[in-house]
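No gaps in the numbering here: position 129 of the sequence shown is 129 in UniProt numbering, and each next residue is one more.
Glycine included, every Cβ here is placed at the ideal spot set by N, Cα and C.
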Amino acid sequence: MLKRCSFCKKGECIKPVKVEKKPGKAAAKIRIEADGSYVQITQDGEAQKLEKAKITLNDCLACSGCITSAESVLITQQSHEEFSKTLAFNKAAAPNEQKLVVVSVSPQSRASLAAKCKMSILETAKKLTAFLKSQGVHYVFDTTFSRNFSLLESQKEFVKRFRRQSEDKKALPMLASACPGWICYAEKTHGSFIIPYISTTKSPQQIMGSLIKGYFAEQQHLTPNKIYHVTVMPCYDKKLEASRPDFFNQEYQTRDVDCVITTGEVLKLLEQERVSLSDVDPAPLDTMFSSATEEELTGHSGGGSGGYLEHIYKYAAKELFGIEVDTIQYRPLKNKDFQEVTLEKDGVVLLHFALAYGFRNIQNLVQKLKRGKSPYHYIEVMACPSGCLNGGGQIKVEGESSKDWLQQVEKLYESLKTEVPEENRTVTALYDQWLGGTESEKTGKALHTEYHAVEKANAGFNIKW
């Protein structure tokens with residue numbers, strides 16, 4: 001069940017709740033607590049915690065507030081049921097009609113599965129690889145690899161924007177682009193005002209799509225349409241991201257990512273096949289797109305949403321000011337989902353970065369931008385409170401507080417050895433061999449994208465938190 005709608009043109013709420021209506025009572029106010037929970041405040045001052053409304057994906061899409069009917073058709077084609085049907089069809093097809101099936105798994109999804117199954121990250125990865133291959137998948141990759149490209153491109157893009165800020169008034173602040181929920185909100189609510197600030201770097205999911213349907217297809221001597229590429233993500237909005245026209249290959253009539261299933265849907269797939277992941281015999285990891293080995297996985301420092309702020313901050317400090325930064329000291333502001341970092345020298349602020357998670361903080365951020373009062377150079381923006389590890393598509397457990405559960409997932413996620421993107425030899429080789437250099441036209445097309453302002457169908461009203 002989907003516990004979080006995206007965005008409705010009748011408002012800006014993405015977290016529907018049930019409000020108990022009592023006859024004869026005046027309208028109640030809703031307050032958001034620090035932990036993201038919702039509390040109804042009656043006219044008498046009585047506080048009552050609200051339960052999240054549970055709706056199906058079809059219910060969400062039927063609203064038509066945040067996406068078009070054409071987009072909804074594309075998204076409903078992406079589910080664990082469709083994935084299973086495609087695998088079955090592929091097995092039964094004639095050899096010349098079969099596709100090569102590739103699954104790319106996000107590190108956030110892997111951590112959620114590991115917590116649910118009470119296994120290590122490596123053990124989970126090996127057993128998930130074995131299960132998927134038993135279903136007809138040919139290769140299983142890790143999107144940590146494609147995130148190397150996303151981090152490197154974001155670093156370079158920020159430095160370029162910083163250097164041209166005197167000529168381009170909308171060069172800064174640069175806003176992160178990896179979260180499709182945030183992008184959907186930005187395009188459809190703030191449009192042409194906000195778009196120039198958003199980083200053009202593709203998300204790890206879509207860079208993996210470029211890799212699989214580009215370089216990998218070439219290595220396999222296949223055209224892109226002969227590969228069926230599936231991603232496992234912590235977020236329902238990744239389905240919408242994969243459906244964007246920008247990521248469709250007109251020549252071969254294929255998408256960079258054909259199907260997105262959430263972490264929770266992987267669990268449903270296991271249940272559908274009556275398989276317990278912990279009972280599956282492990283299989284060797286596919287290491288073509290990895291700096292790790294079959295016995296080791298790597299991650300990135302900087303938190304469960306990809307570490308964009310940390311990597312860009314350290315790179316910019318060195319590249320722009322010749323300052324080596326070893327550790328970053330975050331300063332929480334109103335809540336844990338809004339923190340900032342500053343680089344100072346002789347009392348002068350050189351860099352001022354922030355992270356803003358959840359729509360309460362994002363709305364405040366946008367309003368400051370509109371008033372010309374944002375002091376930041378870069379902002380890591382994520383739609384979900386606590387970031388991607390707490391995504392709407394992640395596994396939820398009954399009988400345990402969401403805070404405790406999230407801490408377990410975070411601990412597993414952070415248990416991996418971290419790598420530095422600049423030191424990944426495979427990434428460096430691909431820049432040269434596949435893309436023709438870091439500044440080539442092919443690099444721009446494969447690793448960057450653009451955004452589009454969407455006209456509002458009706459004015460509606462906006463819910464302000």
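Sub-7 angstroms separation of residue i and residue j beta-carbons
i                 : j              : result
serine 112        : glutamine 407  : no
threonine 201     : glutamate 153  : yes
tyrosine 197      : lysine 156     : no
aspartate 281     : alanine 130    : yes
serine 301        : threonine 418  : yes
phenylalanine 359 : valine 341     : no
glutamine 205     : lysine 238     : yes
histidine 229     : valine 102     : yes
glycine 299       : leucine 128    : no
glutamine 43      : leucine 50     : no
proline 234       : glutamine 433  : no
alanine 176       : glutamate 380  : yes
threonine 143     : methionine 208 : yes
leucine 122       : leucine 297    : yes
alanine 115       : leucine 412    : yes
asparagine 225    : tyrosine 252   : yes
tyrosine 236      : glycine 392    : yes
leucine 100       : isoleucine 195 : no
proline 332       : leucine 151    : no
aspartate 337     : proline 385    : yes
Cut-off 7 angstroms between Cβ atoms - residues of its own chain near residue i, not counting five sequence neighbours on either side
i              : result
alanine 446    : Ser210, Gly214, Leu435
histidine 452  : Glu187
histidine 190  : Val366
methionine 382 : Cys179, Trp182, Ser305, Tyr357, Cys388
alanine 317    : Ile323, Val325, Leu343, Leu351
valine 454     : Glu187, Lys188, Gly191
leucine 320    : Val159, Phe162
Residue i, DSSP secondary structure in three states
i                 : result
glutamine 165     : coil
threonine 327     : coil
cysteine 388      : helix
asparagine 424    : coil
glutamate 319     : helix
glycine 437       : coil
residue 470       : This structure leaves residue 470 out entirely; the chain is present only between 1 and 465.
glutamate 235     : A small fix is needed here, since residue 235 is cysteine in this sequence, not glutamate. Coil at cysteine 235, not helix or strand.
glycine 209       : helix
leucine 297       : coil
phenylalanine 131 : helix
proline 249       : The sequence given here has asparagine at residue 249, not proline. Looking at asparagine 249 - three-state DSSP - the assignment turns out to be strand.
serine 104        : strand
serine 290        : coil
valine 280        : coil
histidine 352     : strand
proline 173       : coil
histidine 138     : coil
tyrosine 38       : strand
residue 467       : Shown here, the chain extends from 1 to 465; a query on residue 467 therefore has no answer.
histidine 80      : helix
glutamine 363     : helix
Pick from the options that is closest to residue i, judged by C-alpha positions
i              : options                        : result
serine 278     : Asn90, Val39, Ala125, Ile183   : Ala125
glutamate 82   : Ile261, Gln253, Gln433         : Ile261
valine 159     : Ser146, Met174, Arg147         : Met174
histidine 311  : Tyr236, Ile227, Phe149         : Phe149
asparagine 90  : Gly136, Phe338, Ile30, Lys49   : Gly136
histidine 377  : Leu309, Asn390, Leu100, Asp404 : Leu309
lysine 339     : Leu416, Arg371, Gly303, Arg244 : According to the sequence displayed, residue 339 carries glutamine and not lysine. Residue Gly303 is the option with its Cα nearest to glutamine 339.
leucine 240    : Gln253, Cys259, Leu412         : Cys259
methionine 288 : Leu87, Ser104, Leu172          : Ser104
lysine 85      : Asn225, Lys29, Gln272          : Gln272
serine 106     : Glu295, Asn361, Ser203         : Ser203
tyrosine 313   : Lys336, Asp337, Lys334, Leu355 : Leu355
arginine 110   : Asn390, Lys29, Ser440          : Asn390
glutamate 423  : Lys373, Phe145, Gln219         : Phe145
tryptophan 405 : Cys117, Gly444, Ser79, Ser374  : Cys117
histidine 147  : Gln78, Thr443, Val427          : The amino acid occupying residue 147 in the given sequence is arginine; histidine does not appear at that position. Of the listed residues, the one whose Cα sits closest to arginine 147 is Val427.
leucine 172    : Pro375, Lys334, Gln363         : Pro375
Neighbourhood of residue i by C-beta, 8 angstroms cutoff - its chain only, sequence neighbours within 5 removed
i             : result
glutamate 450 : Thr200, Asp246
leucine 132   : Val103, Val140
valine 275    : Phe131
serine 120    : Ala114, Leu412, Ser415
Nonlocal neighbours in the same chain, by C-beta distance under 6 angstroms from residue i, ignoring five residues either side
i              : result
tyrosine 315   : Gln155
asparagine 249 : Pro224
### Query
Is the number of C-beta pairs between the stretch 149-167 and the stretch 361-372 that are closer than 8 angstroms three or more?
Fewer than three beta-carbon pairs drawn from the stretch 149-167 and the stretch 361-372 are found closer than 8 angstroms, and the two stretches are therefore not classed as touching.
### Task
Indicate whether the contact test is met: 3 or more Cβ pairs, each with one atom in the stretch 347-361 and one in the stretch 256-274, closer than 8 angstroms.
no
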